[in-house]
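A.B. asks: Residue numbers 1 to 170, in my numbering, belong to the letters of the sequence shown in order. Got a structure for you, questions after.
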Amino acid sequence: MDSVGNIIMYLVIALTIIVFSVLTVTTSKILRSATYLLFVLLATAGIYFQVGYEFLGAVQIAVYAGGILVLFVFAILLTHRPDAKSQPLTSEKRWLGLSAAIAGVLVCGYALFKQCDMVTASLGVTDVTIEKIGTALLSTDKFGYLLPFEAVSVLLLACIIGGIVIARKR
């Protein structure tokens, strides 16, 4: 009975993610799009909680739903009128863009799975835990991502400063 409840909960959360993801990219009001993105991020945290990754779910809520989304909303409000509607993009090459996006997803997925296989093979790890993933990601070893992680934080800081400079010129 418990597994049926988990499956139903997973399907509800997955449907929520799909619906609000589509609404995020199809709405014409930018603040409404940010609100839909918040629902997607919270539902993603629900998936983490369901599979037992409480820390990752809490980080998802605190960092992404809390921090990054607030940064998006501030950037929107500093650079855009909240009641303005964006014009829909029209193009004759929509199918070319869609096929390029699908090809990009396939290439990224292949690269991701190949990278995961290489990392687990090089570390000799068959039992992967959150602690091992965190240590591997934030290390300075061959497959560590500490430098890119810090580069992204500097990039976000530059975006905040750029938004403030643009807002002050108005």
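Glycine included, each C-beta is placed from N, C-alpha and C at the ideal position.
#1: On the DSSP letters alone, give me the boundaries of the alpha helix (DSSP H) that residue 133 sits inside.
#2: Could you please give the first and the last residue of the uninterrupted alpha helix (DSSP H) stretch that includes residue 79?
#3: Looking at residue 43 and residue 20, is the spacing between their C-beta atoms short of 8 Å?
#4: Contact check, residue 68 vs residue 45 under 8 Å by CB: the rounded distance?
#5: Count the other CB atoms within 10 Å of the CB of residue 15; is the residue buried (16 or more) or exposed (fewer)?
#6: Taking the C-alpha atoms as reference points, what is the distance between residue 145 and residue 132?
#7: Starting from the C-beta of residue 55, find all residues in its chain whose C-beta is less than 7 Å away, skip the five residues before and the five after it, and write them out in chain order.
#8: Identify, in the order they occur along the chain, each residue of the same chain with its Cβ nearer than 8 Å to the Cβ of residue 140, setting aside the five sequence neighbours on each side.
#9: Quick one: residues in its chain with C-beta nearer than 6 Å to the C-beta of residue 138, no 5 flanking neighbours on either side, listed in chain order?
#10: Tell me which residue opens and which closes the alpha helix (DSSP H) that residue 46 is part of.
#11: Beta-carbon separation of residue 72 and residue 163 under 8 Å?
C.D. replies: A quick look at the data gives this:
#1: 130-137
#2: 69-79
#3: yes
#4: The Cβ separation is near 13 Å, so there is no contact.
#5: exposed
#6: 13 Å
#7: 130
#8: 146, 147
#9: 146
#10: 30-50
#11: no
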